[in-house]
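Let me begin by presenting the structure, written as structure tokens, before commenting on it.
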Ligand code: ADP
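Numbering (the numbering used here), first residue to last: 38 to 675.
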């Protein structure tokens with residue numbers, strides 16, 4: 038007998054929580070006092086997931102503990118013991134799983150949560166609440182209402198032993214062998230004295246109805262079922278309230294903010310399926326632009342959960358959509374591997390793509406502001422749909438938004454349709470300029486002549502944009518035209534711009550200067566020509582004929598460090614004082630050393646504006662000479 042006790046004791050281990058968990062627990066216990074009731078939702082949600090898992094597994098694997106156990110969630114309150122107990126007969130956990138799941142924060146979402154939490158100001162409760170809202174805190178939220186928690190669980194693996202986990206939420210927990218014959222998890226919560234409301238069965242029932250009504254397993258409080266187990270997506274749409282949809286969304290995503298949009302899809306022919314789709318207001322960039330992106334749709338078959346993150350249900354460029362899909366026309370034993378080739382899934386996917394695009398088009402029609410919220414959060418993702426897939430590009434073209442040279446507000450967006458609608462009569466092209474940021478694009482001298490002529494230029498400030506333009510080729514019969522192309526032809530007006538105010542002598546000087554610059558700048562630029570497009574700037578660099586655009590080169594360089602960009606062509610503005618003066622100096626003194634410095638400075642000057650300085654020392658030296666001369670002149674004037 039005493040040996041047994043010793044053997045048991047040997048199995049008791051005390052462990053400390055991962056640092057991030059400790060921080061989170063500290064916050065939950067000491068600084069958050071609102072919305073404590075959500076702990077019930079989180080635990081019920083975990084129980085429901087555990088039931089989903091065993092339900093799914095038992096379809097193909099009869100070798101589980103208690104194969105016929107009832108799939109429900111039981112809740113008991115004991116006001117005399119001051120405990121609330123939640124029991125499920127789900128998949129349970131082994132000792133290792135308990136350590137892994139309840140002692141550490143392993144999920145990517147939680148890890149990001151912990152990182153952000155560490156970054157917030159310790160006093161800023163609002164910020165922390167917002168974070169919790171964004172991520173949800175799962176199991177640990179129980180410590181908002183508990184002094185002590187005892188979790189006893191037994192895995193459905195027939196050989197696994199039951200294990201008991203216990204913690205008061207301070208830095209550590211203990212694990213010990215337990216006596217539990219049935220499969221599943223029981224969580225006994227010792228309710229804190231300031232949270233005794235949760236010892237009142239009516240209060241508990243109300244919380245369940247509010248937050249967990251759509252859980253598809255019976256939730257029983259003192260033996261009485263309190264929820265409606267019909268899966269939310271199978272219920273008539275007009276009987277579901279906004280609150281219920283929102284609660285369901287929170288249950289699925291952990292995001293406690295309302296979704297930006299939702300769509301409840303019910304399809305009967307040719308395939309019978311249901312879906313509830315949500316678009317969150319925002320998603321973490323790390324999640325959206327993860328190198329291994331996910332499609333966060335859960336697949337059910339005839340109400341049975343099959344798998345989460347089912348990548349076959351939507352293309353990656355719609356990965357901002359979250360939700361569930363439940364299909365009646367798939368076999369229950371469908372596997373991850375066979376899903377991809379399944380023709381039913383292909384049809385479901387096609388319908389879902391159509392519905393999501395329809396959702397976005399509706400948003401545009403009803404409320405452009407709301408659509409722009411969407412666009413700011415996910416525009417870069419949606420654009421991938423044009424760049425990588427042909428099929429939906431026309432529909433997607435209507436959803437694109439860009440900053441534009443005609444808008445005074447730098448944050449304003451225009452659609453391609455707006456561009457076309459306000460185009461001047463005979464303009465045949467849609468002009469754009471690609472660059473690193475809307476600010477640097479807006480300052481480009483290449484826009485001068487467009488501004489003067491009242492021609493609109495779209496700013497393409499994201500890496501994917503040029504692929505989008507290449508994919509589209511045209512919109513409303515107008516081709517896209519980069520304004521930094523060397524062969525850009527703006528038509529008749531050009532001649533006037535070019536000749537106005539330039540006499541013959543000046544022209545001859547310009548020709549001389551161009552000749553001189555070509556020699557001096559050999560190796561730095563492909564050619565030097567007189568510009569037809571500049572007004573206020575002395576010079577600009579444009580893509581050589583047939584050459585790649587600057588932005589495309591930037592992308593190539595990102596992909597391949599050794600990529601050698603092609604040289605650009607320098608265009609000079611013969612009416613600009615700097616160019617005129619240089620021409621005059623050249624005429625007087627062909628060997629002026631300063632002229633060589635200035636020649637290079639013309640290129641440096643453009644590169645500076647683009648944020649791409651290749652030789653800062655040389656620029657420094659030239660600037661020093663220029664400032665020397667300028668300050669000397671100013672001193673003399675005195
Ligand atoms: P989340 O549920 O969002 O993953 P939690 O902190 O709530 O995060 O839970 C962590 C993990 O612990 C779960 O993913 C699950 O693997 C496990 N777990 C929690 N509760 C249960 C339960 N009742 N039965 C089985 N496993 C559970």
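Where a beta carbon is used, it is the ideal one built from N, C-alpha and C, also for glycine.
Everything numeric in this text was worked out from a predicted model, so none of it was measured.
{"Query": "Inter-residue CB distance, residue 206 and residue 183 (contact presumed, cutoff 8 Å)", "Result": "7 Å"}
{"Query": "Close Cβ partners of residue 508 (< 7 Å) along its chain, the five nearest in sequence each way excluded", "Result": "423, 424 and 430"}
{"Query": "Residue range of the alpha helix (DSSP H) that includes residue 188", "Result": "Where residue 188 is concerned, there is no enclosing alpha helix (DSSP H), although the beta strand (DSSP E) it sits in stretches over 183-191."}
{"Query": "Near the ligand PLP: residue 508 beta-carbon under 7 Å from a heavy atom", "Result": "Questions concerning the ligand PLP fall outside what the structure shown contains, since the ligands it does hold are the ligand ADP."}
{"Query": "Meets three-Cβ-pair contact criterion under 8 Å: the segment 317-333 and the segment 348-359", "Result": "yes"}
{"Query": "First through last residue of the beta strand (DSSP E) which encompasses residue 388", "Result": "That residue, residue 388, is in no beta strand (DSSP E); its alpha helix (DSSP H) goes 380-403."}
{"Query": "Nearest-angstrom Cβ-Cβ length linking residue 394 and residue 454, presumed shorter than 8 Å", "Result": "About 16 Å; that fails the 8 Å criterion."}
{"Query": "Where residue 293 falls: helix, strand or coil (DSSP)", "Result": "coil"}
{"Query": "For residue 579, the residue or residues it bridges with in DSSP", "Result": "606"}
{"Query": "Inter-stretch contact (C-beta, 8 Å, three-pair minimum) for the segment 260-271 and the segment 378-385", "Result": "no"}
{"Query": "Same chain, Cβ closer than 7 Å to residue 114, neighbours up to 5 away in sequence not counted", "Result": "121, 236, 238 and 241"}
{"Query": "Residue 130 beta carbon near the ligand ADP (any heavy atom closer than 7 Å)", "Result": "yes"}
{"Query": "Of the listed residues 216, 456 and 154, nearest to residue 434 (C-alpha basis)", "Result": "456"}
{"Query": "Boundaries of the alpha helix (DSSP H) in which residue 662 is found, first to last residue", "Result": "653-674"}
{"Query": "First through last residue of the alpha helix (DSSP H) which encompasses residue 646", "Result": "630-647"}
{"Query": "For residue 558, the three-state DSSP class (helix, strand or coil)", "Result": "coil"}
{"Query": "Neighbourhood of residue 661 by C-beta distance below 7 Å, restricted to the same chain and skipping five residues each side", "Result": "none"}
{"Query": "Short CB-CB distance (under 8 Å) between residue 136 and chain B", "Result": "Although the question refers to chain B, the structure presented lacks it and comprises just one protein chain."}
{"Query": "Limits of the unbroken alpha helix (DSSP H) element including residue 508", "Result": "502-509"}
{"Query": "Euclidean distance between Cα positions of residue 671 and residue 443", "Result": "40 Å"}
{"Query": "Anticipated Cβ contact below 8 Å, residue 312 with residue 389, distance rounded", "Result": "6 Å"}
{"Query": "CA-to-CA distance, residue 285 to residue 256, given in whole angstroms", "Result": "16 Å"}
{"Query": "Any 3 or more C-beta pairs closer than 8 Å across the segment 408-416 and the segment 471-481", "Result": "no"}
{"Query": "Residue 276 beta carbon near the ligand ADP (any heavy atom closer than 7 Å)", "Result": "no"}
{"Query": "Buried or exposed (CB count within 10 angstroms, at least 16 for buried), residue 498", "Result": "buried"}
{"Query": "Every unbroken alpha helix (DSSP H) within the segment 87-151, with a cutoff of 4 residues, ordered by chain", "Result": "132-139"}
{"Query": "Minimum length 3: unbroken beta strand (DSSP E) runs contained in the segment 185-254", "Result": "200-204, 209-214 and 221-228"}
{"Query": "Residue 87: CB within 7 Å of a non-hydrogen atom of the ligand ADP", "Result": "yes"}
{"Query": "Residue of 316, 323 and 339 minimising C-alpha distance to residue 310", "Result": "339"}
{"Query": "Cα-Cα separation between residue 555 and residue 620, rounded to whole angstroms", "Result": "14 Å"}
{"Query": "Among 155, 326, 181 and 579, nearest to residue 227 - alpha-carbon criterion", "Result": "181"}
{"Query": "Beta bridge counterpart(s) of residue 342 as assigned by DSSP", "Result": "337"}
{"Query": "Contact the segment 620-636 vs the segment 590-604: 3+ CB pairs below 8 Å", "Result": "no"}
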